[in-house]
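Each remark here refers to the structure printed beneath this line.
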Amino acid sequence: MTTTAPRPDDRPTPAPRLTAVDEAHWGERLRALAAEHGVPGAQLGILALGRPSAEGEGREPDRIALAACGVLNTETGHPVDTGSVFQIGSITKVWTATAIMRLVDEGRLTLDTPVAEVLPELRLSDPATTGRVLVRHLLTHTSGIDGDLFTDTGRGDDTLERYVALLSDAALIHPLGATFSYCNSGFPVLGRVIERLTGGTWDAAMREALFAPLGLTHTGTLPEDALLHGAAVGHVRGLPDPVRAPVWGLPRSMGPAGLLTSTARDVLRFARMHLDGGLAEDGTRVLSEEGVRAMTEFQVDVPGAHALGDSWGLGWIRHDWNGHRLVGHDGNTIGQSAFLRVSPETGLAVVLLTNGGHASDLYHDLYREVFRDLAGIGVPDRPAPPPVPAEVDPAPALGTYEHAALRMEVFARDGDTVMRTTVLGPLADVDPEPEQEHVLVPVEEGFYVVRPGGMRSWAPVTFYALPTGERYAHYGSRALPRLDDGARGAGGA
């Protein structure tokens with residue numbers, strides 16, 4: 001399923017000229033839309049990379065707009081400003097991937113290095129799979145390791161070492177390389193690879209490899225880093241009746257998967273490096289041009305409709321926005337959500353950081369305006385029910401699907417196809433509604449949409465089978481194996 005062949009839509013296209021970035025205007029739009037979508041606090045950053053000057057010498061200056069609104073914590077009322085830090089969640093994965101690619105630049109490993117060569121102590125539940133998992137599989141979410149193992153292995157510097165040791169008990173939910181399933185669990189393993197090759201902690205490696213050369217002053221990996229600045233607190237329910245998250249963050253073991261805290265300004269510095277061929281603002285070489293390009297290239301398709309993007313690169317999610325190729329990533333922690341989109345074609349990068357409410361709806365409405373007005377790029381519509389209800393046979397979808405963090409039961413009731421989801425594991429303790437039911441609306445055979453509670457937008461749910469017969473539901477970018485199909489971890493290419 002995995003290939004690195006470029007696609008026709010990746011061919012370079014003429015880059016349109018960006019219009020001026022009006023900071024006051026975008027600050028006002030942020031405030032208005034955040035209020036509309038019940039978001040307690042938010043930060044927005046827009047970067048238009050300076051282009052080569054018309055005279056052929058040097059380049060025009062970058063254009064940057066930064067805006068903030070709302071409060072960091074509805075119980076204290078402390079306002080958000082542009083120096084406040086938010087949890088950027090899984091956008092962290094692109095940073096971890098960048099650190100891996102620096103090691104590739106240095107010749108310390110390759111994308112096709114078996115992980116067990118670097119971590120001989122690695123043991124998976126299927127011994128035959130252990131030695132065949134490559135660095136590439138972890139970067140592209142195709143390893144088959146159950147992806148949402150949020151096990152707390154302590155605050156010590158050995159947290160990643162301890163996490164890797166626990167994977168021998170983790171299920172393999174699909175054969176190696178057979179499909180895509182978003183895998184948080186693979187990134188602590190990549191973090192441990194970084195530790196083994198650098199001789200220090202993942203935290204230290206991030207500071208030395210990325211934070212320092214990029215000149216980041218408000219980015220950190222630990223809560224004590226965030227405490228040096230005004231830190232946002234998550235809300236599991238947004239305005240007008242907000243509920244603060246019961247805990248601030250995820251355990252340290254999930255650091256390489258999603259624990260960075262940062263500002264919109266610092267995230268833009270990171271994005272700028274990727275837009276400028278691996279160079280920091282001061283010209284420091286952070287990543288090779290080849291490494292930057294490789295991270296954006298096609299690696300694997302995402303099954304079904306595009307919940308996040310249509311395909312994955314190395315760390316980056318790939319987006320086809322009406323014929324324009326973008327890369328990006330989202331991040332969701334406990335009550336905080338973050339969104340980064342980067343357009344290499346136009347030199348535009350946009351980041352949105354939030355602490356609750358219907359953040360996904362805010363993102364969609366705001367980015368539709370930003371990319372239309374600044375780059376002439378249309379944000380595609382999200383999946384939605386067809387104007388005329390589709391007539392499909394629900395029988396193939398009925399059943400129970402499960403991975404470590406979620407159980408999905410699909411059943412018929414009163415003429416509807418209903419999806420009941422139950423959050424499992426540690427996340428169940430911090431979710432105010434760990435069990436929910438929603439009607440699945442059919443779009444076509446094997447493809448439904450569902451509207452999570454209170455949201456304006458719909459989410460896709462795809463039911464499919466591998467060529468070898470194992471059946472899955474793909475929801476939230478995860479492949480949930482159907483329980484009555486039995487074990488499915490061994491084998492694969």
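In this text, residue positions in the sequence shown follow full-length UniProt numbering: the first is 1, and each later residue adds one. No residue lacks a Cβ here, since even glycine has one placed at the ideal position from N, Cα and C.
Sequence-distant residues of the same chain with beta carbon closer than 6 Å to residue i, five excluded per side
{"i": "Ile50", "result": "According to the sequence displayed, residue 50 carries Gly and not Ile. Cβ within range, chain order: Arg59, Glu60, Pro61, Asp62."}
{"i": "Arg21", "result": "Reading the sequence as shown, one finds Val at residue 21 and not Arg. Closer than 6 Å at the Cβ level, and outside the excluded window around Val21, lie Ile46, Ala48, Arg63, Ala65."}
{"i": "Thr284", "result": "Pro213"}
{"i": "residue 494", "result": "Only positions 1 to 493 of the chain appear in this structure, which leaves residue 494 out of reach."}
{"i": "Asn332", "result": "Gly89"}
Classification of residue i by the beta-carbon crowding that lies within 10 angstroms, buried from 16 upward
{"i": "Pro14", "result": "Residue placement at Pro14 is flagged as unreliable, the pLDDT there being 43, under the threshold of 50; the coordinate-derived value follows with that caveat. With fewer than 16 Cβ atoms within 10 Å of its Cβ, Pro14 is classed as exposed."}
{"i": "Asp416", "result": "exposed"}
{"i": "Pro481", "result": "buried"}
{"i": "Asp203", "result": "buried"}
{"i": "Asp484", "result": "exposed"}
{"i": "Pro421", "result": "The question names Pro, yet the displayed sequence has Thr at residue 421. Burial call: buried."}
{"i": "Glu402", "result": "buried"}
{"i": "Asp169", "result": "exposed"}
{"i": "Leu406", "result": "buried"}
{"i": "Ala349", "result": "buried"}
{"i": "Asp381", "result": "exposed"}
{"i": "Gly156", "result": "exposed"}
{"i": "Leu139", "result": "buried"}
{"i": "Leu228", "result": "exposed"}
{"i": "Ser53", "result": "exposed"}
{"i": "Arg478", "result": "buried"}
DSSP-derived helix/strand/coil call for residue i
{"i": "Thr417", "result": "strand"}
{"i": "Trp95", "result": "helix"}
{"i": "Gly425", "result": "helix"}
{"i": "Val243", "result": "strand"}
{"i": "Val286", "result": "coil"}
{"i": "Arg464", "result": "Looking at the sequence itself, residue 464 is Tyr, so the reference to Arg does not match. Three-state DSSP puts Tyr464 in a strand."}
{"i": "Ser53", "result": "coil"}
{"i": "Trp312", "result": "strand"}
Inter-residue Cα distance where the pair is residue i and residue j
{"i": "Ala397", "j": "Phe298", "result": "30 Å"}
{"i": "Gly144", "j": "Ala116", "result": "15 Å"}
{"i": "Pro40", "j": "Gly27", "result": "15 Å"}
{"i": "Arg29", "j": "Leu366", "result": "7 Å"}
{"i": "Ala493", "j": "Leu134", "result": "Because the pLDDT of Ala493 is 40, which lies under 50, any placement of that residue in the model is unreliable, and the number read from its coordinates should be weighed accordingly. Ala493 and Leu134: Cα-Cα distance of roughly 11 Å."}
{"i": "Gly335", "j": "His274", "result": "28 Å"}
{"i": "Ala465", "j": "Pro79", "result": "49 Å"}
{"i": "Ala245", "j": "Pro452", "result": "19 Å"}
{"i": "Val302", "j": "Glu445", "result": "18 Å"}
{"i": "Gly454", "j": "Gly238", "result": "11 Å"}
{"i": "Gly38", "j": "Leu124", "result": "43 Å"}
{"i": "Asn73", "j": "Asp414", "result": "43 Å"}
{"i": "Ala271", "j": "Val342", "result": "7 Å"}
Cβ-based neighbour list, residue i, same chain, cut-off 8 Å, excluding 5 preceding and 5 following
{"i": "Gly77", "result": "Val71"}
Neighbourhood of residue i by C-beta, 7 Å cutoff - its chain only, sequence neighbours within 5 removed
{"i": "Asp276", "result": "Leu49"}
{"i": "Arg192", "result": "Leu119, Leu160, Glu161, Val164"}
{"i": "Ala99", "result": "Ile194, Ala205, Met206, Ala209, Leu210"}
Proximity test, Cβ basis, 8 Å: residue i and chain B
{"i": "Ala65", "result": "In the structure shown, chain B does not exist; there is a single protein chain."}
Does the region 215-222 come within contact of the region 388-402, defined as at least 3 CB pairs closer than 8 Å? Not touching, per the Cβ criterion.
(message) Could you check whether the region 105-124 touches the region 202-209, counting it as contact only if at least three pairs of C-beta atoms, one from each stretch, sit closer than 8 Å?
(response) No, they do not touch.
**Prompt:** Taking three-plus beta-carbon pairs below 8 Å as touching, is the region 314-323 in contact with the region 363-379?
**Reply:** Judged by pairs of C-beta atoms under 8 Å, the region 314-323 touches the region 363-379, as three or more such pairs exist.
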